[in-house]
Structure formats: C-alpha cells, structure tokens
Amino acid sequence: MSRERLFLTKAAFFLLGPLAFAQTTVHGTVVDSQGNLPNALVYIENSGQKVTSDTDGSFVLNNVYDGSYKLVVEYKGYDSVYIPFTVTDKKEVNLGLIKFGAKFKENNLQEVVVTSVYKASQARAITMKKNSNTITEVLSADAIGKLPDRNAADAVQRMQGVSIERDMGEGRFVAVRGTPIQWTASTLNGNRMPSASGDNANRGVQMDIFPSELIQNVRLSKALTPDLDGDAIGGNVDFITKTSPNKETLAISMASGYVNMSKSPTYNTSIVYGNKVTDKLKFITSAVIWERSTAIDQMRNIYNYGLKDKTASYSINQLQLRDYLANRRTLGFNLGLDYEIDSRNKLYAKGLYSQYKDGQSVRETYFNFDSKNVLLQARHADYLTDLYSMQLGGNHQVGQRMQVDWSLSKARSEFKFNSPDNLDPYERGYPMVNFIQSMTYGNLSADGRKYMAMDAPDGIGDTGRYTLPYNQQVISADKLRLNQIILSQNRNSETDLRGQVDIKYKVTNNFELKFGTKYNNKNKIVNSSLLVWMPKSSLGIPGAPVTYLNQLERENFPYKGGCMNPLGNPYNAVIIDQITNGQIDQMYSPVTQNSLGLMQVSSKESNSNITSSYKGTENVWATYLMGTWKISDQIQVLGGFRNEYNDVTFWGKKVVSDKNNKTEDIKDTKTYNVVLPMVNMKWNISSDRILRLAYTRSFARPDFNDLNPGTIVNDITNTITQGNTQLDPTLSNNFDLMFENYFGKLDLITAGVFYKNITNLIYKDQSVVDLAGRTYTFTAPKNLEGAKLFGFEFGISKRFENLPGFLKNIGFEGNYTYISSKMNMPIYENGQQTGTMTTTIPNQAKHIFNTILFYETSKLMVRLAGNYKGNYVSEIRAAAGADHYQYFDKNFTVDLSTSYSLTKKVRLFIELNNIFNEPNRYYMGTKDRLENISYSGIRGQLGFNFNF
819 MSRERLFLTK AAFFLLGPLA FAQTTVHGTV VDSQGNLPNA LVYIENSGQK
869 VTSDTDGSFV LNNVYDGSYK LVVEYKGYDS VYIPFTVTDK KEVNLGLIKF
919 GAKFKENNLQ EVVVTSVYKA SQARAITMKK NSNTITEVLS ADAIGKLPDR
969 NAADAVQRMQ GVSIERDMGE GRFVAVRGTP IQWTASTLNG NRMPSASGDN
1019 ANRGVQMDIF PSELIQNVRL SKALTPDLDG DAIGGNVDFI TKTSPNKETL
1069 AISMASGYVN MSKSPTYNTS IVYGNKVTDK LKFITSAVIW ERSTAIDQMR
1119 NIYNYGLKDK TASYSINQLQ LRDYLANRRT LGFNLGLDYE IDSRNKLYAK
1169 GLYSQYKDGQ SVRETYFNFD SKNVLLQARH ADYLTDLYSM QLGGNHQVGQ
1219 RMQVDWSLSK ARSEFKFNSP DNLDPYERGY PMVNFIQSMT YGNLSADGRK
1269 YMAMDAPDGI GDTGRYTLPY NQQVISADKL RLNQIILSQN RNSETDLRGQ
1319 VDIKYKVTNN FELKFGTKYN NKNKIVNSSL LVWMPKSSLG IPGAPVTYLN
1369 QLERENFPYK GGCMNPLGNP YNAVIIDQIT NGQIDQMYSP VTQNSLGLMQ
1419 VSSKESNSNI TSSYKGTENV WATYLMGTWK ISDQIQVLGG FRNEYNDVTF
1469 WGKKVVSDKN NKTEDIKDTK TYNVVLPMVN MKWNISSDRI LRLAYTRSFA
1519 RPDFNDLNPG TIVNDITNTI TQGNTQLDPT LSNNFDLMFE NYFGKLDLIT
1569 AGVFYKNITN LIYKDQSVVD LAGRTYTFTA PKNLEGAKLF GFEFGISKRF
1619 ENLPGFLKNI GFEGNYTYIS SKMNMPIYEN GQQTGTMTTT IPNQAKHIFN
1669 TILFYETSKL MVRLAGNYKG NYVSEIRAAA GADHYQYFDK NFTVDLSTSY
1719 SLTKKVRLFI ELNNIFNEPN RYYMGTKDRL ENISYSGIRG QLGFNFNF
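Take the sequence shown: its letters are residues 819 to 1766, numbered as in this note's numbering.
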C-alpha cells in the first residue's frame, strides 16, 4: 500500500470510523420555572463527555452507543436532576424539557422552597460563570430587573471591574478594568455594534440608546478566546437579547416617576410576549418605551494652559454657566424566531431596533475675562440616534463529531441633529444664537488676569467651591447685541455587513477542535458642516440694523427654579431671561434673516466645513483555530490563535490655499495584520474551587475621528480635531490569574490579578489655539511606545441565611478593583520635545468598587446599591505639563430599589437613582483648581410588573 493510500485510509477511519458503530445523539432543553437555563452542566453518569447548555437551554450529547444510561444535569443552587434513558438501534433520544423543581439545596438535612425570583436569576449568573471556560462575569435579566437600571450601561456597572461614564446622570459608555472606553468591545449577540454618535469620535457604543428590557443576559469576557473578536483590550461585553420560550409567556411592566432637577415626570412601559407556535417554531418579541425629562446645571472654567508664561498659564480665560434641559425618549423592539428543522438542524433569526431621541434646550453664559465681554448663547436640538440589527443563522450537527454554525448579519447606526422643524429634513442641524455685551470685571490680579487665589501672583482671585464673575456692569437685554447665528449640521452613519462560519470537531471525548472565519465590512460616513450668519452691522456695512436681545421673544430663566441649586444659587444675580426656542427657529427663516440684516459668512463650501466631512471603509478578514483539551477531570486547557487582517481606506479633503478656497481630495489607506495567540487554563481544585490562568493578546483599533485625514472644527464645543490615517493599532499582551470559591447555596468569593503590557498606545494631545478671536482646544492623536497596566480584583456574594430571625433575609454583594498604570509622555518646550515624564493611561481610574446590600423575603425586596469610581486623568496636555492635565474627580453614586409581590404574578416596585445628587467634577492639576462641575439631581419611579 502506498504512503498516500495509507494516509487516506487512516484519515477516513479517524473521521468516519465512529459512524460504523451503533451510536446516536441525546438532546433536550434545560428549564426552570423562570425559563431557559443556559450553561447547565450536562453529562452521562460515569462518562467523560460533558457539555453545557446553550443560551436557550438546549444541549446535544453525541457519540452515545446503544445501552441504558443515566443523564445528570447540574445547576448551581438546585439539586441535580437524574434522568434514566435507553438508546436502541441508534435511534436518537429526545428528552424534551428537563425542568428543575422549585427547591434549592439547603444542606443534607432539609430543603427550602424557592421564594424569590432573584435567587433563580442569581443561580443563572453563578452557574454560567462557574461552567465558563474562561474568566467571565455574568449578569442575568432578572437581576437587571431588580435594580433601578433603565439602560444597558446602567445595568453592567454592577459587574466586577466595570465602570461607566454618565451623561445627565444616565450611563452612556462602558469601560472594563479602568481602561479607556474604546478598549472595551460592546457586542450584540456576539457582534460589535456600530457606533454613530454626536461626536463621531470613538468606537465606544453609546449604551444609553439600548433599553435594558431587551436583554436576556450580559456576559463579560475578561480573558478572550480565539473565537471572539480580538479588538478588546479591556474585555468583551456581550449583550444577549431575549430567546424564544418553550411555553406562552407574557410580561408587562408600567412605571411613572419624577426627576427633581427638571421638575418633571417620567414614564416607562415594556411588554414581552413569546410562544411556541408549533413543535418546530417558537418566537419572542418585546417592546419598550421610556419617556423622561432630565437636566443638569454646569459651571466650567477654561484655563489659559496654552500660554508660554508659566504664571499666566493658570489664569482663567472664560467662566461658563450652562443650564441643560433634555426631553428624552428611548424606544426598543426585539424579535427572535427559532425553527427546529430536526434535532440536528436549527435555524434562527434575530432583529432589534432602538431609537434614542434627546431633545435638548441649553442656555449658556460665557464670561470672557481676557476679551472683556460677556456672551449669552441659546441653543436647542433633537439628537436622534437609530440602531437596528438583523441576524440570520443556523446550527447543524454533521455526523456524530462535527457541528457547523453560521450567521449573516447587518447592523446600522445613524445619528443626526434634527432641528429646527421649519427647515428641510436634510438641512436641519443644531441651531444656536448668541449675543454679546462689553464687560469689565473685578477681583482681577495685578496683571489684569482672572485667577484662583492659589495661582494669582498677588493672591487676588477666587476661593471656595465655585468661580464668580465679579462683573462690574449689569448684564442687560438692551445691551446684549446679536452676534452670531449658527447651525451645526451633523449626519453620520456606520453600517456593518458580516458573515461568519464556525466548525467544531470532537476529536475525542477529551479533545475538541474549533476553527472558523469571519468577514466584516464597515462603512463610516460623516457629513458635518458649521453654517454661520452675522449681522452686517458687525461686519462694518453702514446702515445695517443692530438687533438686541430685548427686541426678541424671551422666556423666564433659569429653567425649573434655579441654576446650580446644590451650590446655593450663587449666580442668580447674573442670570437674565433668555430667548425662546421658537424665536431661535425663526432666525433660520430667510424673511427673518433679511429683516435683521444677517449675512452668511460660513457655508457648506467653506474650507473648514469641507475638511470636516469624510467617509471610510474598514474590511476585516479574521480566521482562528483553537483546541479545548481536557487533560483530566480537574484540568482543562483552551488554546489557539486568531489572525485579523485589516484594510482601512479613508476619503476626505484638505485645504491647499486659503486665498482662493482651493481644496483637493485625499485618499489614505492602511493595511495591517495582527496575530493573536491565546491560552486559557481551568483547574478544578475541587468541585467548588476553581483556579484560572490566561495569556491572551488583543488590540484596539484607532478611533474613527483619529483616522480622518482632514481637520474638524466644532464651534459647539470650541474644539479642533486633526486625524491621522497612519496610526498603528494599540496592542496588548494580557496575563490573568483568577481564583473562584463557590460555597453555600449561592455564595461566591473571587480574587484575581491581571497585567497588561501595551504597545503603540494612542493618546490625544491637547493644546490651546486662537482662531479669528475665538479660543479653541486643539486635539491631535499620536502613538506612544507603550504602557503597562497592573491590577487586582476581589468579589464576594453572600446570603446570611444561617442567622436567626429576620437577619436570615439579609444579603451582600460587593466587588473591588485596583488598577495601576504607567506610560511615558513626551515633554515639549517651545514646540520641541525635551524629554519624557511618567503618567497614567488616560481615563483609567485606580479604584473601582460596587456594593449591594439587600433584604429579601417571599414578598418584599429592598436593595441599596453603591457604585464608586476613583479619580483619573481625563485629558493629557503634554505641551502645558502635568499640572495642567484635566482630572475626573472621584464619584460615588447610590441607588435604591424596593418591590413587593402582591401575588405570584403582580409586583409593585419603587426605584431611586443618585439619591445623594452626586456631581460629576473635573479639576486641573490639583483638586482645588476646579475646571468643571455638574449636577443631574435625583430621579425615581413607581410602577408594577405583570408576569403571566
């Protein structure tokens, strides 16, 4: 026999030999009274083959020979289920629904009846964590429902090592282990979500557009495996939407509440319905609407940190007072279909739509100390964000050893400013009108500048918790002259098309291979422009009319009773009535513009606008190979590698000559390849003690604005952003060690350490520039050589059920994460680098902890939750030096929720957020040098849930 024939014979025996014996499959679905149970441990007694149930509770055991067996199903907190069955004549065995009873293990002497839905949800989370192959945190839908968390970001902040960034008191962005938000991959059913937003800035997904009611569970992977996308240095947060039930399910929730900062009510309604249409087809659908008005009061100092004079660099150029009032609406719809062709072949379809409308009314007062004037600006707009996702896929058992999974998906996110209504929809934007009045100021230093007293050369300046303007003239509507009318137009979208195939092959009962490929085509389109009109009188045209604020329609201000109330309303003396939103909208009528003598000075064809728009494509081809080897009953190793090839192309424009407005098209491309080896080891020291080790390599792609070859000027935020298509991706070698101890019924202690060695770190350097008499913050991205990040984390979940009396109903959950990072930043002097200095990674908090104290009986549940995030560097200003860096101050928010079950199907609840009105506070260099402080107030809800 030739060597070729011998090889083919051995290969055929290896692949097909098992089919020659009498063997088949055993399948079923694991459930409890609350629904499907994911990650249940399923195995045949005295057999080496063990599997875990899928997200819908289903499982398949292959290669089962003819004979009589006993199936064992384990789930944390429940007594194990034992089911005898027999295989004859290779006929597959369908065990149907395997339902855990309503009794939890107490000890060997007695059992205790389940009296709380939360226990079941906690059992899900702990079981999914314990049976995972990697370092994982899990949050279930039922647990989310017991906390006052209305969007996805608010929900995941309770997980170990997770922190969030807020907007008007609501969670917006998610960060893991203190890393920047763009280093965390937020995925929907395994795929990254597109990230269109108002600032077009980064790949971090705005999670406030995604209602928590659409979530089945959340899985945070802190150590990646090769079958996950590799662009996740911090971790991968996967939001899994609700799956189809095995019986008719109906749940309705309605609530109303109040926000004290906006003095307005809130409304929230959600409905979930699912059913099994036939033995093969089942579905789930859900819908939610959340209406609320929210508000913030903000005070901000703009420092002259760009000045060369060291003393003057601490002076205050501008004091900003800002009053936000926002009418927000979140809509969400979810549909899932599951079709079982037969026990070995399944098809599924998933669809999701979410819309987030943020109708903002903002009134601002700018005290310009250097230019000696005061500027009032009024603006309003609807921020409109749409997100949809569609996915079609299948799971197929091929023979006894192979499984093929595939999926095709499309996801799109679109953002736009959508005001005023009297303009064509494609001409709308963010309208703003400002007025100016000359002003002299007191309490200035001898050099004529405004300081904090601690920084002033002669000690004259402001002290205390806030800055006062000390204006020497009264701000008056008959002296505030119309200065500018601005329309900021921004429409941007991001579309992803994906295809994926994954193949698993069971080589032996102890070794499984998995390999696959994934293609992702991403299209990013940004259309941005800033249109400006000015009075002809301000341009020196004789005979042109001059318009003052008192000639226009105004309304009472401040909104809803005060500005900076938590500070004692220190600015009441400098606040006057403001222009109405209706009057703002009229300013964009040609008739009004003619009567006011306005002339357009910046159009879409202006140089600064031409360079603000761009488009880009990103094609990613990924392949991976991984193996899972069960060395013994105690030790398992999962290892392999992932390769991602990236092809990026961006199109933009640049200005060649300012004199004749000449521009030229830019096309910039970059290709790069990343190889990502990964190894995860799981050591079951005992049945309830696990030690996990991991080495993984991951990366972070540059943000989209960082890749724009043009320059973006934003007069709303007074920023100029310049991109660089040739940025290299950030790479990280990650090392993790985690110990898990499961004890009692649902008790858990975890402790671990992690280390990240990072190269090609991207940071955004800031400086201050003056352009046409206006001060801008100039930001440009750069690659650094590297950084290091080290941390440890500790978590505990404990119910005190052995205590006497009412104390047995008390429980505690807590987790703490410590992170320390170091990177070398360049030091500049007169535009030239003179050395380096050591600092932390931007947006990396050193201390993060979450605590939940709860009291729970068969009917009553009370939960007090605290979330702490320590201070961190939020903006690096390398040219100015470390004492001018912007820091986010420590923040501790406390939420309260309580519920009472009237019947088994009806529950009343009360939810309160930020009950101590914790502000967001920023400072420059030292905590006494306040840069920004904002208050969002307290909000609450009262409502009920029906579950049928």
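Glycine included, every Cβ here is placed at the ideal spot set by N, Cα and C.
Please read all numbers here as calculations on a predicted model, not as lab measurements.
Here the C-alpha atom of residue 1399 lies approximately 9 Å from the C-alpha atom of residue 1249. It is roughly 17 Å from the alpha-carbon of residue 1004 to the alpha-carbon of residue 1060. In the DSSP annotation of this structure, the continuous segment of the alpha helix (DSSP H) that includes residue 1525 starts and ends at 1522-1525. Approximately 5 Å separates the beta-carbon atoms of residue 979 and residue 995; this is inside 8 Å, confirming the contact. Listed as beta-bridge partners of residue 1439 by DSSP are 1337, 1463. Look at the beta carbons and you see the region 1281-1290 not touching the region 1402-1410: under three pairs across the two are nearer than 8 Å. The C-alpha of residue 1705 is placed about 22 Å away from the C-alpha of residue 1576. For residue 1408, the enclosing alpha helix (DSSP H) starts and ends at 1408-1413.
For residue 1759, the uninterrupted beta strand (DSSP E) segment begins and ends at 1757-1765. Under the DSSP assignment, residue 1699 falls outside any alpha helix (DSSP H); it carries neither an H nor an E label.
For residue 1428, the enclosing alpha helix (DSSP H) begins and ends at 1425-1428.
DSSP places residue 1405 in the coil class of the three-state scheme, outside both helix and strand.
Here residue 1391 is exposed, its C-beta having fewer than 16 other C-beta atoms within 10 Å. Relative to residue 1617, the option among 1637, 846, 1653, 1562 whose CA is nearest is 1562. A contact between stretches requires three or more CB pairs, one per stretch, nearer than 8 Å, and the region 1231-1244 fails this requirement with the region 1093-1101. Contact check for residue 1304 against residue 1262 fails: the beta carbons are separated by 8 Å or more. Counting only residues of its own chain and dropping the five nearest sequence neighbours on each side, residue 1045 has a CB closer than 7 Å to the CB of 1320, 1332, 1334, 1442, 1444. The Cβ atoms of residue 1033 and residue 973 lie closer than 8 Å to each other. In this structure, residue 1133 lies near residue 1269, with their beta-carbon atoms less than 8 Å apart.
With contacts defined as CB atoms closer than 8 Å, residue 1614 and residue 976 fail to qualify as a contacting pair.
Taking 8 Å as the cut-off, the Cβ atoms of residue 1660 and residue 1637 do not count as close. By the Cβ-count criterion, residue 1156 is buried, with 16 or more other Cβ atoms from all chains shown falling within 10 Å of its own Cβ. Note on residue 1625: under 16 other CB atoms within 10 angstroms of its CB, so exposed under the neighbour-count rule. Bounds of the beta strand (DSSP E) holding residue 1176 are 1163-1186.
Shown here for residue 1550: same chain residues with a beta carbon closer than 6 Å to its own, the five before and five after excluded, namely 1051, 1516, 1574, 1576 in chain order. With fewer than 16 other beta carbons inside 10 angstroms of its own, residue 1272 counts as exposed.
Just so you know, the alpha carbons of residue 1139 and residue 1297 end up roughly 19 Å apart. Per DSSP, the unbroken beta strand (DSSP E) holding residue 1552 starts and ends at 1548-1561.
Judged by beta-carbon spacing, residue 1537 lies within the 8 Å limit of residue 1594, meaning their Cβ atoms are closer than that value.
The DSSP assignment places 1053-1059, 1067-1077, 1082-1094, 1099-1121 as complete runs of the beta strand (DSSP E) inside the region 1042-1127, in order along the chain (cut-off: 3 residues). Here the C-alpha atom of residue 1600 lies approximately 17 Å from the C-alpha atom of residue 1606.
Contact check for residue 1191 against residue 1111 fails: the beta carbons are separated by 8 Å or more. Within the DSSP secondary-structure output, residue 1638 pairs in a beta bridge with 1608. For secondary structure counted as the beta strand (DSSP E) over 3 or more consecutive residues, the region 1293-1351 holds these complete runs in sequence order: 1299-1326.
About 37 Å separates the beta carbon of residue 1428 from that of residue 1293, a gap too long to meet the 8 Å contact definition.
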